[in-house]
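All remarks here apply to the structure that follows.
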Amino acid sequence: TTVDAKGHKHHKHHSVSSIASWYGYPHHGRKMADGHRYNMYALTAAHRTLKLGTKVKVTNLNNNKSVVVKVNDRGPFVKGRIIDLSLGAKKMLAMDGIAKVKLEILD
């Protein structure tokens, strides 16, 4: 079980489906919530509430491609979206823009 920033408990391997987006060049090199600089080629993501450092398996429900990302930033701040992926993760999932995804919390 992990506890997010708001104190909500999430059980390992709990999954949820929603919309993912991605962010790239304009943010490359900027500081993230975990204090590190954003590398758009790394397999990372932004989530509003999951504990920073949490690993999440993201599956693109349009093509069943999956990637494991590390949550190291906060977002997305657009209603209806659950996760913002790095450019590297977006490419691994073969996403065009936004995509319906399944998230599975690994740790």
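First residue of the sequence shown? That's 8 in my numbering, and the numbers climb one at a time after it. No residue lacks a Cβ here, since even glycine has one placed at the ideal position from N, Cα and C.
Own chain, CB closer than 6 Å to residue i, minus 5 neighbours either side, in chain order
i   : result
I90 : A27, A52, H54
M99 : V74
heavy atom of the ligand GTP below 7 Å from residue i C-beta
i   : result
Y30 : The model depicted lacks the ligand GTP and carries no ligand whatsoever.
Beta-carbon separation (whole angstroms), residue i vs residue j, contact threshold 8 Å
i   : j   : result
G31 : L94 : 4 Å
Counted within 10 angstroms of its Cβ, other Cβ atoms place residue i as buried (16 or more) or exposed
i    : result
D114 : exposed
N69  : exposed
V76  : buried
Collapsed DSSP secondary structure at residue i in the structure displayed
i   : result
Y45 : coil
A52 : strand
K98 : helix
Neighbourhood of residue i by C-beta, 8 Å cutoff - its chain only, sequence neighbours within 5 removed
i   : result
Y48 : S93, L94, G95
K38 : R44, Y45
Problem set entry | Contact the stretch 103 to 111 vs the stretch 33 to 49: 3+ CB pairs below 8 Å | No: fewer than three Cβ pairs fall under 8 Å.
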